[in-house]
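Report on the following structure.
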Amino acid sequence: MKLTKNYRYSIVALVAFAIFLVLANSFFDAFTLRVLNLCAIYVILALSLNLLNGFTGLFSLGHSGFMAVGAYVCALLTMPPELKEMNYFLVPIVPFLKNLTLPFIPALLLGGLAAAFVGFLIGAPVLRLKDDYLAIATLGFSEIIRVLITNAQTITNGAQGLKGLPRFATTYAVWITAGLVTLFMALPLRSSYGRAMKAVRDDELAAEAMGVNVFKVKVTSFTVSSFIAGVGGALLGHMITTIDPKMFTFLLTFNILLIVVLGGTGSISGSVIAAIVVTILMEALRFLDEPMNFIFFRTEGLPGLRMVVFSLMLMIVVIFRQRGLMGGKEFSWDMLREAGAALARLGKKIRLPKGGRNV
Amino acid sequence: MSEIMLSTHGVVMKFGGLTAVSDLNIEIAKNEIVGLIGPNGAGKTTAFNVITGMYNPTSGTVSYREKNITGYKPHSITELGIARTFQNIRLFKELTVLENVLVGCHIGIGTGIFGATLHLPAYRKKEAEARAFAMDLLSQVGLESVAREKATSLPYGKQRRLEIVRALAARPTTLLLDEPAAGMNPQESRELMDLIHRLRDEFDLTIFLIEHHMQVVMGVCDHMYVLDYGVTIAHGDPASIQKNQKVIEAYLGVE
């Protein structure tokens with residue numbers, strides 16, 4: 000098989016990134032490495048939300064709920080019995096979970112499956128709603144999940160949360176999962192099922208008239224998205240090593256939604272790029288929350304100031320690029336070349352008036 | 000007599016106090032082109048929506064090839080072989096022209112989500128077939144050169160044709176066209192009617208079409224039904240419809 004130039008670029012880029020990960024894993028300090036891993040987790044979460052919002056046209060705000068299910072199921076399955084005993088000091092854990100310990104990968108998959116199951120149960124009734132009604136209903140269900148987790152003390156340890164989870168979500172684990180999720184999103188979306196999803200997004204009635212089982216497509220998409228969200232939540236838990244119900248509030252969903260909208264609804268590469276950029280900025284802009292000393296005046300610490308930056312970014316994107324960074328398209332090397340050419344043209348235009356007159 | 004493809008028996012469709020369609024009885028034989036005409040708000044589109052399963056009739060039955068299909072979901076009706084177009088164009092706006100047609104082929108591909116995800120050989124073969132079929136369809140209506148363009152970037156007339164082609168991609172035996180000539184000038188309408196005639200012969204179709212302008216359908220239909228305020232006021236061949244006093248009254252009003 001003859002490889003095209005673009006294909007070779009992609010392989011080189013992937014290999015370069017893999018080498019970067021290996022180097023990062025051994026040379027980066029713990030904090031930088033953690034931000035890097037968080038990028039991968041946000042890639043996973045953004046992709047799963049984009050599957051709903053961008054590709055199937057379902058405006059869902061229930062993501063943190065599914066993440067919570069995945070995170071808790073996975074954590075309960077990986078924690079060794081002694082750790083459970085330490086955590087459940089107020090109310091003992093239910094006996095059947097007490098001595099149940101599984102290796103990480105099956106636990107991760109079960110976490111995803113549990114989230115998918117909950118997604119399926121919620122999706123079947125809720126997906127009869129549309130647009131903002133659907134958003135409100137999913138938001139409500141995700142809050143219900145959180146409240147249930149807070150109150151099911153014998154299973155989840157309630158508001159105390161679970162601490163000291165084994166740190167299974169290593170750099171390789173999260174990035175390999177992110178890679179797999181990207182692959183398994185891109186593949187079906189390029190098939191007839193992807194077209195059916197986009198058809199449902201663009202015009203439900205017409206899709207139905209073309210023989211697409213709209214309801215089935217929606218439930219499938221919702222279930223798969225919940226699965227991926229569950230896996231993402233589980234990885235997040237095993238990276239931070241602590242989970243509690245307060246982690247999974249609407250704010251978490253909002254962060255993911257921000258990434259999806261910035262990156263471009265309906266673009267896989269857009270979500271990946273935006274996830275990485277936003278995660279890094281979230282950490283890099285932390286200085287804004289701290290007291291700042293300008294020459295003429297100094298500010299006290301303003302917690303939340305960095306979120307203003309994201310609000311501004313969001314507003315700028317909504318005003319100037321309604322479809323987000325990638326606008327529903329996928330990244331390609333040709334796109335980069337075109338952008339380069341456009342920049343070069345722009346550069347010439349700026350330089351010409353100065354140099355041109357001397358000739 | 001040839002096979003009856005589509006028929007309705009006493010279909011009534013009420014929305015609250017409004018009876019949009021009352022006692023609709025139609026019969027369409029294989030390979031016929033049948034017109035459904037009537038003034039604005041006569042219930043033509045409602046009749047279509049009942050036949051294609053978008054509405055559940057208040058009473059009465061819809062049959063396809065002698066089989067009762069009342070209450071079937073729209074997508075199952077399409078699977079059986081009835082495809083439709085819409086009065087206000089409903090293309091998938093973010094998809095290309097070719098992809099729009101390929102959505103119509105979706106039921107034909109049916110290899111299961113796992114085969115499609117992994118792009119297994121069986122799926123690839125079906126997908127290639129579907130693409131060839133879709134391109135072939137597009138070339139029949141002169142849209143092959145714009146196959147890679149966004150559907151909404153096409154001019155109006157081409158969007159109309161694309162909608163018809165997309166419906167054909169579902170490999171129907173019966174095609175329902177809702178005002179296919181809406182917004183077209185007389186010349187374009189005539190061309191469209193020729194196209195409809197040609198497609199009927201080529202794809203062995205039975206066609207049921209709604210039209211607003213009587214002149215347009217006169218030439219193309221074998222048989223016509225006239226609706227006014229949901230009531231079938233006349234049916235017969237175009238010549239007799241043209242002379243029918245009730246139809247003239249419905250269109251022009253009475254002194």
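Which chain is which? The protein sequence lines are A and B, in order.
Every letter in the first sequence is one number past the one before it in numbering that gives the first Met the number 0, and letter 10, counting from 1, is 9.
Every letter in the second sequence is one number past the one before it in numbering that gives the first Met the number 0, and letter 156, counting from 1, is 155.
Each residue gets a CB set at the ideal place from its N, CA and C atoms; glycine is no exception.
With three or more beta-carbon pairs closer than 8 Å as the criterion, would you say the segment 50 to 68 of chain A touches the segment 113 to 121 of chain A?
yes
Starting from P187 of chain A, find everything on chain B with Cβ-Cβ shorter than 7 Å and list it in chain order. The count along the first sequence starts at 1 and reaches residue 187 of chain A at position 188. Residues of chain B with a Cβ closer than 7 Å to the Cβ of P187 of chain A are, in chain order, I112, A115 and T116.
- [ ] For the alpha helix (DSSP H) containing G231 of chain A, list its first residue and its last residue.
- [x] Position 232 of the first sequence, counted from the first residue, corresponds to residue 231 of chain A. Note, G231 of chain A: alpha helix (DSSP H), V213 to I239.
Problem set entry | chain B within 9 Å of G303 of chain A, Cβ atoms only | In the first sequence, the residue the question calls residue 303 of chain A occupies position 304. Answer no: the Cβ-Cβ gap between G303 of chain A and chain B never drops below 9 Å.
### Query
Which full runs of the alpha helix (DSSP H) of 4+ residues lie inside the segment 34 to 114 of chain A, going along the chain?
62 to 77, 80 to 86 and 94 to 97
| Which residues share a DSSP beta bridge with S152 of chain B? | If you number the second sequence from 1, residue 152 of chain B lands on position 153. DSSP links S152 of chain B through a beta bridge to no other residue.
### Message
For the structure I just gave you, are there three or more beta carbon pairs, one from the segment 90 to 97 of chain A and one from the segment 37 to 49 of chain A, closer than 8 Å?
### Response
Note that the segment 90 to 97 of chain A does not touch the segment 37 to 49 of chain A; fewer than 3 beta-carbon pairs, one per stretch, sit closer than 8 Å.
Note to self: I need the DSSP call for E210 of chain B, collapsed to helix, strand or coil.
What the structure shows: In the second sequence, residue 210 of chain B corresponds to position 211, counting from 1. E210 of chain B: strand per DSSP, three-state reduction.
Residues of chain A with CB under 9 Å from Y101 of chain B, in chain order?
Walking along the second sequence from the start, residue 101 of chain B turns up at place 102. According to the sequence provided, residue 101 of chain B is Leu. The question's Tyr does not apply to it. Within chain A, the residues near L101 of chain B are S191 and R194.
When you compare only the Cα positions, how much space is there between I3 of chain B and I27 of chain B? Stepping through the second sequence from its first residue, residue 3 of chain B is reached at position 4. Stepping through the second sequence from its first residue, residue 27 of chain B is reached at position 28. So the alpha carbons of these two residues sit roughly 6 Å apart.
Would G265 of chain A pass as a contact of R200 of chain A if the rule is Cβ separation under 9 Å?
Against the first sequence, residue 265 of chain A aligns to sequence position 266. Against the first sequence, residue 200 of chain A aligns to sequence position 201. Yes. Within cutoff.
Cβ atoms of E210 of chain B and I36 of chain B: under 9 Å apart, would you say? The residue labelled residue 36 of chain B in the question sits at position 37 within the second sequence. The residue labelled residue 210 of chain B in the question sits at position 211 within the second sequence. Their beta carbons are under 9 Å apart, which means I36 of chain B touches E210 of chain B by this criterion.
| said: Within the continuous alpha helix (DSSP H) that includes E201 of chain B, where are the two ends? | reply: Taking the first residue of the second sequence as 1, we reach residue 201 of chain B at position 202. Residues P185 to F202.
Could one say the Cβ of A208 of chain A lies closer than 9 Å to chain B's Cβ atoms, at least one of them? One-based indexing of the first sequence puts residue 208 of chain A at position 209. Chain B, which has a Cβ nearer than 9 Å to the Cβ of A208 of chain A, makes this yes.
*asked:* Measuring straight from C-alpha to C-alpha, what distance separates L304 of chain A and D288 of chain A?
replied: Position 305 of the first sequence holds residue 304 of chain A. Position 289 of the first sequence holds residue 288 of chain A. Distance between the alpha carbons of L304 of chain A and D288 of chain A: 5 Å.
Q) Going along chain B, which residues have a C-beta under 7 Å from D201 of chain A? A) Residue numbering aside, residue 201 of chain A sits at position 202 when the first sequence is read from its first letter. Per Cβ cutoff of 7 Å: F91, K92, E93 and L94.
Can you list the residues of chain A that E122 of chain B reaches, using a CB-CB cut of under 9 Å? The residue you call residue 122 of chain B lines up with position 123 of the second sequence. Reading off the sequence shown, one finds Tyr at residue 122 of chain B, where the question assumed Glu. Simply S190 and S191.
Where H118 of chain B falls: helix, strand or coil (DSSP)
Taking the first residue of the second sequence as position 1, residue 118 of chain B is located at position 119. Of the three classes helix, strand and coil, the one that applies to H118 of chain B here is coil, per DSSP.
Buried/exposed call for V11 of chain A, threshold 16 Cβ in 10 Å
For this step, residue 11 of chain A is matched to residue 12 along the first sequence. Answer is exposed; the Cβ neighbour count stays below 16.
**Message:** Applying the 10 Å Cβ sphere with the 16-neighbour rule, what's the burial state of G52 of chain B?
**Reply:** Looking up residue 52 of chain B in the second sequence gives position 53. G52 of chain B is buried by the Cβ-count criterion.
Check: Hey, quick one: how far does the beta strand (DSSP E) through K245 of chain A stretch, first residue to last?
Finding: In the first sequence, the residue the question calls residue 245 of chain A occupies position 246. Run containing K245 of chain A: none; DSSP gives neither H nor E here.
* **Proximity winner among A:G178, A:T181, A:V173 and A:K217, relative to R194 of chain A (alpha-carbon distances)** => As a working note, residue 194 of chain A is residue 195 in the first sequence. Closest by alpha carbon: A:K217.
### Message
Taking the straight line between their C-alpha atoms, what separation do you get for R83 of chain B and K242 of chain B?
### Response
Locating residue 83 of chain B in the second sequence gives position 84, where the first residue counts as 1. Locating residue 242 of chain B in the second sequence gives position 243, where the first residue counts as 1. One C-alpha to the other measures close to 30 Å.
* Asked: What number of angstroms, rounded off, separates the C-alpha of L126 of chain A from the C-alpha of S225 of chain A?
  -> Position 127 of the first sequence, counted from the first residue, corresponds to residue 126 of chain A. Position 226 of the first sequence, counted from the first residue, corresponds to residue 225 of chain A. L126 of chain A and S225 of chain A: Cα-Cα distance of roughly 14 Å.
Cα-Cα separation, V173 of chain A to E126 of chain B:
As a first step, residue 173 of chain A must be located in the first sequence, where it is residue number 174. As a first step, residue 126 of chain B must be located in the second sequence, where it is residue number 127. Rounded to the nearest angstrom, the two C-alpha atoms are 34 Å apart.
Simplified DSSP state of S268 of chain A, which is helix, strand or coil: Here the question's residue 268 of chain A lines up with position 269 in the first sequence. Helix.
*Is it true that the CB of I121 of chain A sits closer than 9 Å to the CB of T137 of chain A?*
The sequence position of residue 137 of chain A within the first sequence is 138, counting from 1. The sequence position of residue 121 of chain A within the first sequence is 122, counting from 1. Going by C-beta atoms, T137 of chain A is nearer than 9 Å to I121 of chain A.
Exercise. Is the CB of M0 of chain A under 9 Å away from at least one CB in chain B?
Worked result: Counting from 1 along the first sequence, the entry for residue 0 of chain A is found at position 1. Reliability fails at M0 of chain A, whose pLDDT of 48 lies under 50, so the model's placement of it is uncertain and the value that follows must be treated cautiously. Not an interface residue.
Problem set entry | Beta bridge counterpart(s) of G118 of chain A as assigned by DSSP | The residue you call residue 118 of chain A lines up with position 119 of the first sequence. Residue pairing of G118 of chain A in beta bridges, as defined by DSSP: absent, with no partner found.
message: I need the straight-line Cα distance from R159 of chain B to M183 of chain B, nearest angstrom please.
response: The count along the second sequence starts at 1 and reaches residue 159 of chain B at position 160. The count along the second sequence starts at 1 and reaches residue 183 of chain B at position 184. About 10 Å.
G236 of chain A and L44 of chain A - do their beta-carbons sit closer together than 9 Å? Position 45 of the first sequence, counted from the first residue, corresponds to residue 44 of chain A. Position 237 of the first sequence, counted from the first residue, corresponds to residue 236 of chain A. No, these two residues do not count as a Cβ contact at 9 Å.
Whole alpha helix (DSSP H) elements within the segment 82 to 141 of chain B, 4-residue minimum:
96 to 103, 105 to 108, 112 to 116 and 120 to 139
For K66 of chain B and G252 of chain B, the rounded distance between their alpha carbons
As a first step, residue 252 of chain B is located in the second sequence; it is residue number 253 there, counting from the start. As a first step, residue 66 of chain B is located in the second sequence; it is residue number 67 there, counting from the start. Taking the straight line joining both Cα atoms gives about 39 Å.
query: Which residue or residues does DSSP assign as beta-bridge partners of V61 of chain B?
result: Residue 61 of chain B sits at position 62 when you count from the first residue of the second sequence. Paired residues: B:T7.
Since I believe V276 of chain A is in contact with L313 of chain A (beta carbons under 8 Å), could you give me their beta-carbon distance rounded to a whole number of angstroms? Here residue 313 of chain A refers to the residue found at position 314 when the first sequence is read from its first residue. Here residue 276 of chain A refers to the residue found at position 277 when the first sequence is read from its first residue. With 8 Å as the limit, L313 of chain A and V276 of chain A do not qualify as a contact, their Cβ atoms being about 13 Å apart.
Query raised in the report: Interface residues of chain A around T51 of chain B at Cβ under 8 Å?
Result: Walking along the second sequence from the start, residue 51 of chain B turns up at place 52. Near T51 of chain B (Cβ distances below 8 Å), the residues of chain A are A208.
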